[in-house]
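Here's the structure, in structure tokens; my notes come after.
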Amino acid sequence: MPDHYAVMGNPIAHSKSPQIHTMFAYQTNQNLIYTPILVEVGKFEEAITVFHNQGGKGLNITIPFKNQAWSLMDKCSSEAQRAKAVNTIAIKEDGSLFGYNTDGIGLVRDLTQNHGKRISGQRLLLLGAGGAASGVIEALLSEKPSHLAVINRTSAKAIELAARFSPFGTIIGGGHELLENNSFDLIINATASSLHGEVPQLPPRILNPNSWVYDMMYGNESTAFIKWGQIQGAEHCLDGLGMLVEQAAESFFIWRKIRPNTAPIITQLRLKQRDRLLTIGE
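For any residue, its number in my numbering is found by taking its place in the sequence shown, counting from 1, and adding 25.
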């Protein structure tokens, strides 16, 4: 019988994780199935219990359950513990839950290895202070940016994140007042705004001619944040598909102890994305 893995979230229909892990399994000759599970808000803990009782081996967790997942773990990796957010769960033979956070390494690998972006010495802006944001801060600071600003509508959450991760680098947190008269080399959207076709409110002239924008969300078409970056004249505008593949590869390694080759998977997904857009446009 194949081992069963899944991704839990709400919404979940847009997720490419099942497709990615199926491609990983084929590439590495692993006997597994991977399915999407839509979880009602308020029933996340119950959903994990059901999955475990059915023999499930591991889970990926997406919006809006990453913080709650952390609170349910028996043990966590150091990165997940500091982030207080879990996106990968390994279910041990004794039924215990071990939580990891692979978002940070996925984001940094996509930026630096897949796109050649230098983070060292750069001015970074991170939009949002939820589980998606907290999961990438430590990895970003490990690249030694000039500084990292975390901005959130509820400024107290951003301030708390900045205090928590201050031992790892120069980081500040607050509300939109921190954006006035400042520009950034890389702006990362870690909010869920793109799922609703919205863009976080940002002042003009926040980008310089060499700025990059990166949306941790992705879609078959450019997200609202990507379109905003293009209108503002950003040098590069990237969605989170590459990050998704890279963090998935780290999850796959945790579960199966084998690391898939991500480059051909990203290429195949981009080609399928393009072909779908051509079909819709015809």
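The beta-carbon is built from N, C-alpha and C at its ideal position, and this holds for glycine as well.
{"Item": "Own chain, CB closer than 6 Å to A108, minus 5 neighbours either side, in chain order", "Value": "N126, S159 and G160"}
{"Item": "Paired residues, beta bridge with H29 - DSSP", "Value": "I58"}
{"Item": "Own chain residues within Cβ distance below 7 Å of W95, not counting five before or after", "Value": "C101, A105, K109, A110, V111 and G124"}
{"Item": "Chain-order list of residues whose beta-carbon lies under 6 Å from that of K182 (same chain, five-residue window excluded)", "Value": "A154"}
{"Item": "DSSP bridge partner residues for A183 (one or two, in chain order)", "Value": "Per DSSP, none; premise fails for A183."}
{"Item": "Alpha carbon of L263 to alpha carbon of S145, nearest angstrom", "Value": "19 Å"}
{"Item": "C-alpha gap between V75 and I291, whole angstroms", "Value": "32 Å"}
{"Item": "N245 burial status per 10 Å Cβ neighbour count (16 or more: buried)", "Value": "exposed"}
{"Item": "Of the residues E168, L152, S218 and R284, the one placed nearest R243, counting alpha carbons only", "Value": "According to the sequence shown, residue 243 is Tyr rather than Arg. Selected option, being the one with the closest Cα: S218."}
{"Item": "From S171, T113 and N85, residue whose alpha carbon lies closest to that of S208", "Value": "S171"}
{"Item": "For S308, three-class secondary structure by DSSP", "Value": "Past the boundaries of the shown model lies residue 308; the chain is included only from 26 to 307, so the question cannot be answered."}
{"Item": "Of the residues K68, A249, H29 and P89, the one placed nearest H77, counting alpha carbons only", "Value": "H29"}
{"Item": "The stretch 130-140 in contact with the stretch 82-94 per 3-pair CB rule at 8 Å", "Value": "no"}
{"Item": "Straight-line Cα distance separating D119 from R143", "Value": "43 Å"}
{"Item": "Inter-residue CB distance, L149 and L186 (contact presumed, cutoff 8 Å)", "Value": "13 Å between Cβ atoms; not a contact."}
{"Item": "Nearest-angstrom Cα separation, counted from D240 out to I212", "Value": "8 Å"}
{"Item": "Y51, DSSP secondary structure in three states", "Value": "helix"}
{"Item": "Residue span of the alpha helix (DSSP H) that contains V270, given as start and end", "Value": "L266 to R281"}
{"Item": "Coil, strand or helix - L303 by DSSP", "Value": "Since pLDDT at L303 reaches only 38, below the 50 mark, its modelled position is unreliable, and no value is offered."}
{"Item": "Residue from Q298, S103, F278 and A38 with nearest C-alpha to F49", "Value": "F278"}
{"Item": "Y51 versus Q226: straight-line alpha-carbon distance, rounded", "Value": "42 Å"}
{"Item": "8 Å CB neighbourhood of E307 in its chain, flanking five on each side removed", "Value": "Caution is warranted here: a pLDDT of 38 is assigned to E307, below 50, making its placement in the model unreliable, and no coordinate value can be reported."}
{"Item": "Inter-residue CB distance, H46 and A273 (contact presumed, cutoff 8 Å)", "Value": "6 Å"}
{"Item": "Unbroken beta strand (DSSP E) run spanning T74, endpoints", "Value": "From DSSP, T74 is part of no beta strand (DSSP E) but of the alpha helix (DSSP H) over F69 to N78."}
{"Item": "C-alpha gap between I196 and Q79, whole angstroms", "Value": "43 Å"}
{"Item": "Length of the line joining the Cα atoms of K117 and N233", "Value": "48 Å"}
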